[in-house]
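Report on one structure; see the data block that follows.
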Amino acid sequence: MMDKRLNEKLSDFGKALLRLSEAIDESKSNSKSSTLKDGVIQRFEFCYEICWKLIKYYLESEGIQEAKSPKSTFREGFKIGIIEDGEVWIDMLNDRNLTSHVYDEEVAFDIYEKIISKYFKQMNDIYVLLKSKVVD
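The letter at position 79 of the sequence shown is residue 79 when you use the UniProt record's numbering, and the numbering goes up by one with no holes.
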């Protein structure tokens with residue numbers, strides 16, 4: 001499938017993931033810095049927004065119009081097999097909402113840990129999968 005707009009969105013997502021990866025690496029090398037952890041969370045928020053919109057656009061390009069919100073997008077992505085662990089994506093959605101509405105240091109640290117342990121991998125996996133589907 002060759003869709004110029006989809007390729008652009010995928011490229012933007014790849015760049016955002018690289019920036020998130022850099023922030024994660026930097027925060028790990030200076031684990032006491034709350035500023036670096038905040039930077040990881042901020043880059044996660046940015047990646048998350050690009051990611052769910054990329055998945056939505058991909059689904060639309062495949063003729064799936066039911067994806068209107070992040071939750072419905074993840075549900076539809078799960079149905080067609082591009083999202084493997086739907087539960088992690090719903091957790092990601094809930095944590096993304098928390099980062100926008102609440103600031104509690106303990107909650108922030110918990111989200112930071114999940115970004116490193118689960119969320120980054122899930123986003124990177126979807127990037128690799130969509131890249132293989134789009135570039136073919």
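The beta carbon of each residue, even a glycine, is placed where N, CA and C say it ideally should be.
Judged by beta-carbon spacing, V128 lies beyond the 7 angstroms limit of L10, meaning their Cβ atoms are not closer than that value.
DSSP places A108 inside the alpha helix (DSSP H), whose first and last residues are 105 to 114. Excluding residues up to 5 positions away in sequence, V107, I111 lie with their Cβ nearer than 8 angstroms to the Cβ of L98 in the same chain. In this structure, the CA atom of C51 is about 10 angstroms from the CA atom of P70. The alpha carbon of I64 has as its nearest neighbour, out of E49, I82, C47, the alpha carbon of I82. When C-alpha distances from E22 are compared across D12, K32, L36, the shortest belongs to L36. A direct Cα-Cα distance of roughly 8 angstroms separates A16 from R43. In this chain, the alpha helix (DSSP H) harbouring S61 covers 34 to 61. Listed in chain order, the non-local C-beta contacts of Y58 below 7 angstroms within the same chain comprise L6, L130, local neighbours out to five positions each way being set aside. The C-alpha of S61 is placed about 27 angstroms away from the C-alpha of L20.
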